[in-house]
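Position in the sequence shown (first residue = 1) + 47 = the numbering used here.
Just so it is clear, CB atoms sit at the ideal spot from N, CA and C, and this is done for glycine as well.
Shown next, in structure tokens, is the structure this report addresses.
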Amino acid sequence: MFGKRINLFKLLGFQVRIDFSWIIIAVLIAWSLSTGLFPFQFEGLSTQTYWIMGIVGAIGLFLSIIIHEFSHSLVARKYGMPMKGITLFIFGGMAEMTDEPPNPKAEFMMAAVGPISSIIIAGIFYAIYSAGVAAGIPKPVNGVVQYLAFINALLAAFNTVPAFPLDGGRVLRSVLWGIKGNLRWATRVSSFIGSGFGVLLIVLGVLNFFGGNFIGGMWWFLIGMFLYSAAKMSYQQLLTRRALEGESVRRFMKTDPVTVTPDMTLDKLVEDYVYVFHHKMYPVVSDSDRVEGCVTTRQIKEVPREEWNQKRVRDVQVKCSEENTISPDADAIKALSMMNKNGESRLIVKEGDRLAGVVALKDMLKFLSLRVELDT
Ligand SMILES: [Zn+2]
Numbered sequence: 048m049f050g051k052r053i054n055l056f057k058l059l060g061f062q063v064r065i066d067f068s069w070i071i072i073a074v075l076i077a078w079s080l081s082t083g084l085f086p087f088q089f090e091g092l093s094t095q096t097y098w099i100m101g102i103v104g105a106i107g108l109f110l111s112i113i114i115h116e117f118s119h120s121l122v123a124r125k126y127g128m129p130m131k132g133i134t135l136f137i138f139g140g141m142a143e144m145t146d147e148p149p150n151p152k153a154e155f156m157m158a159a160v161g162p163i164s165s166i167i168i169a170g171i172f173y174a175i176y177s178a179g180v181a182a183g184i185p186k187p188v189n190g191v192v193q194y195l196a197f198i199n200a201l202l203a204a205f206n207t208v209p210a211f212p213l214d215g216g217r218v219l220r221s222v223l224w225g226i227k228g229n230l231r232w233a234t235r236v237s238s239f240i241g242s243g244f245g246v247l248l249i250v251l252g253v254l255n256f257f258g259g260n261f262i263g264g265m266w267w268f269l270i271g272m273f274l275y276s277a278a279k280m281s282y283q284q285l286l287t288r289r290a291l292e293g294e295s296v297r298r299f300m301k302t303d304p305v306t307v308t309p310d311m312t313l314d315k316l317v318e319d320y321v322y323v324f325h326h327k328m329y330p331v332v333s334d335s336d337r338v339e340g341c342v343t344t345r346q347i348k349e350v351p352r353e354e355w356n357q358k359r360v361r362d363v364q365v366k367c368s369e370e371n372t373i374s375p376d377a378d379a380i381k382a383l384s385m386m387n388k389n390g391e392s393r394l395i396v397k398e399g400d401r402l403a404g405v406v407a408l409k410d411m412l413k414f415l416s417l418r419v420e421l422d423t
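Rendered as structure tokens:
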């Protein structure tokens with residue numbers, strides 16, 4: 048679900064993208080509004096009017112969330128934190144940080160500005176709505192404005208709950224971090240509250256659903272699920288980052304990896320290498336000791352079995368690229384995130400043209416679990 052992203056536009060130096068899942072959510076929101084909330088609140092309008100109101104409402108919500116996320120990004124930039132951009136995904140937005148905040152104050156300011164900006168947006172919409180009522184603006188138009196005032200106030204309230212990684216949870220974490228000076232402990236406490244709040248929402252969602260409030264119940268359930276897993280994941284990520292901090296790829300790589308030559312047949316590759324060593328990736332090294340690329344079981348699978356005795360490694364090998372090759376001095380974290388992105392569990396480690404080794408996910412994980420175990 049996450050990963051397929053569409054670039055929308057660039058504003059103030061930040062790339063704004065939407066995750067594919069957001070399109071589904073946007074349609075669900077427009078549908079909930081035009082078949083649920085608006086017909087209930089404003090009786091006697093046409094179906095078409097409800098749909099226009101629903102779509103405009105969803106777009107308004109979308110723009111409100113972008114402003115909310117921008118406020119985070121601008122404050123983060125002020126504190127010198129590198130931001131990758133803003134991605135709108137399943138439940139709202141995410142200002143993407145590449146690292147943890149540098150200190151409690153930076154995190155506090157960064158998090159607190161989110162709900163504050165939503166409150167301001169709600170206030171502006173409410174002022175427009177009040178002026179609209181006084182001026183006798185038609186119900187459909189003013190109804191959407193009223194909805195946007197309400198939904199932004201709700202966003203602010205929801206984000207104030209001290210459940211990490213919601214904004215309120217980040218504020219809590221920064222305060223705990225400031226008091227004790229221990230980011231790990233602060234993250235553990237606030238993400239525990241975060242996952243607890245997630246479970247509460249899931250239970251509320253189920254109760255609502257069986258109580259007959261299907262749409263509302265479904266929303267609470269989904270938001271609860273999302274929050275629960277996000278809280279768990281954030282803590283895991285922090286542990287990983289801490290445990291691997293300052294370690295280079297060199298520490299984990301195998302320096303004498305099993306390699307294959309470009310003129311080897313796929314038959315031989317499978318029989319004498321894949322079935323013997325059980326690795327999924329083999330660096331391809333030519334006679335002159337130059338790394339030409341690598342071959343993985345994925346490429347072998349693409350060739351029909353009856354052609355394995357004719358096709359050679361050079362016919363299917365992939366070149367070394369930023370996706371499968373890393374330098375021995377690179378951060379181990381970088382290797383992990385590359386593996387995470389391309390779904391491979393092994394990377395080629397290259398020093399100049401020469402093969403320095405292979406780094407495997409399982410070796411890094413072994414190190415990680417030992418370090419986490421010894422470090423509690
Ligand atoms: Zn926020």
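In this structure, how does DSSP classify residue 403 when only helix, strand and coil are distinguished? strand
According to the neighbour-count rule (16 or more other Cβ atoms, all chains shown, within 10 Å of its Cβ), is residue 234 buried or exposed? buried
Output the residues surrounding ligand 1, defined as those with a CB atom closer than 5 Å to any ligand heavy atom, in chain order. 161 and 214
Identify, in the order they occur along the chain, each residue of the same chain with its Cβ nearer than 6 Å to the Cβ of residue 213, setting aside the five sequence neighbours on each side. 206
Leaving out five residues before and five after residue 176 in sequence, what residues of the same chain have Cβ atoms less than 8 Å from its Cβ? 189, 192, 193 and 196
Taking buried to mean at least 16 other C-beta atoms within 10 Å of its own C-beta, is residue 66 buried or exposed? buried
Cross-strand partners of residue 329 (DSSP beta bridge): 342
Excluding the five sequence neighbours on either side, which residues of its own chain have a C-beta within less than 6 Å of the C-beta of residue 200, listed in chain order? 169
Please classify residue 66: does DSSP put it in a helix, a strand, or coil? strand
Helix, strand or coil at residue 253 [DSSP, three-state]: helix
Report the rounded CA-to-CA distance for residue 402 versus residue 329, giving the unit in angstroms. Roughly 11 Å separates the two Cα atoms.
What did DSSP end up calling residue 222 once you bin it into helix, strand or coil? helix
Proximal residues to residue 179 (C-beta, below 8 Å), its chain only, five neighbours per side dropped: 188, 189 and 192
On the premise that residue 327 lies in contact with residue 392, defined as a C-beta separation below 8 Å, what is that separation, rounded to the nearest angstrom? Confirmed, about 6 Å.
From which residue to which residue does the alpha helix (DSSP H) around residue 395 run? Counting along the chain, residue 395 sits inside no alpha helix (DSSP H); it lies in the beta strand (DSSP E) bounded by residues 393-398.
Cβ contact (3+ pairs, closer than 8 Å) linking the stretch 214-228 and the stretch 261-268: no
Determine whether the beta carbon atoms of residue 21 and residue 331 lie at a separation below 8 Å. In the structure displayed, the chain extends from 48 to 423; residue 21 sits before or after that span and is not available.
Inter-residue Cα distance where the pair is residue 82 and residue 198: 17 Å
Beta-carbon proximity check, residue 272 vs residue 249, cutoff 8 Å: yes
Look up residue 260 in the DSSP assignment and say whether it is helix, strand or coil. Coil, per DSSP.
Expressed to the nearest angstrom, what Euclidean distance is found between the alpha-carbon atoms of residue 296 and residue 307? Taking the straight line joining both Cα atoms gives about 22 Å.
So what does DSSP say about residue 165, is it helix, strand or coil? helix
What is the rounded straight-line gap between the Cα of residue 374 and the Cα of residue 100? Going by the C-alpha atoms only, they are around 54 Å apart.
From residue 240 to residue 156, what does the alpha carbon distance come to, in whole angstroms? 21 Å
Pull up the distance between the alpha-carbon of residue 147 and that of residue 119, whole angstroms please. Cα to Cα, residue 147 sits roughly 14 Å from residue 119.
Taking residue 208 and residue 215 to be in contact with their CB atoms under 8 Å, please state how far apart those CB atoms are, rounded to whole angstroms. 5 Å
What residues in its chain sit with their C-beta under 6 Å from that of residue 370, if we drop five residues either side in the sequence? For residue 370, the CB contacts under 6 Å within the same chain, skipping 5 residues up- and downstream, are 389 in chain order.
Around the C-beta of residue 428, are 16 or more other C-beta atoms found within 10 angstroms, so that it is buried, or is it exposed? The structure shown does not extend to residue 428, since the chain is modelled only from 48 to 423, so the question has no answer here.
From the DSSP secondary-structure annotation, give me the bridge partner or partners of residue 295. 378
Ordered along the chain, which non-local residues of its own chain (more than five positions away) have a Cβ less than 6 Å from that of residue 361? 309
Residues near residue 246 by beta carbon distance below 8 Å, same chain, minus five either side: The beta carbon of residue 246 sits closer than 8 Å to those of 271 and 275, all from its chain and outside the five residues before and after it, given in chain order.
Pairwise C-alpha distance: residue 277 and residue 181: 44 Å
First and last residue of the beta strand (DSSP E) that includes residue 92? From DSSP, residue 92 is part of no beta strand (DSSP E); its letter is neither H nor E.
According to DSSP, residue 387 sits in a beta bridge with which residue or residues? BP columns for residue 387 are empty, so no partner.
Assuming residue 218 contacts residue 174 under a Cβ cut-off of 8 Å, what Cβ separation, rounded to an integer in Å, is found between them? So it is not a contact: roughly 27 Å between Cβ atoms.
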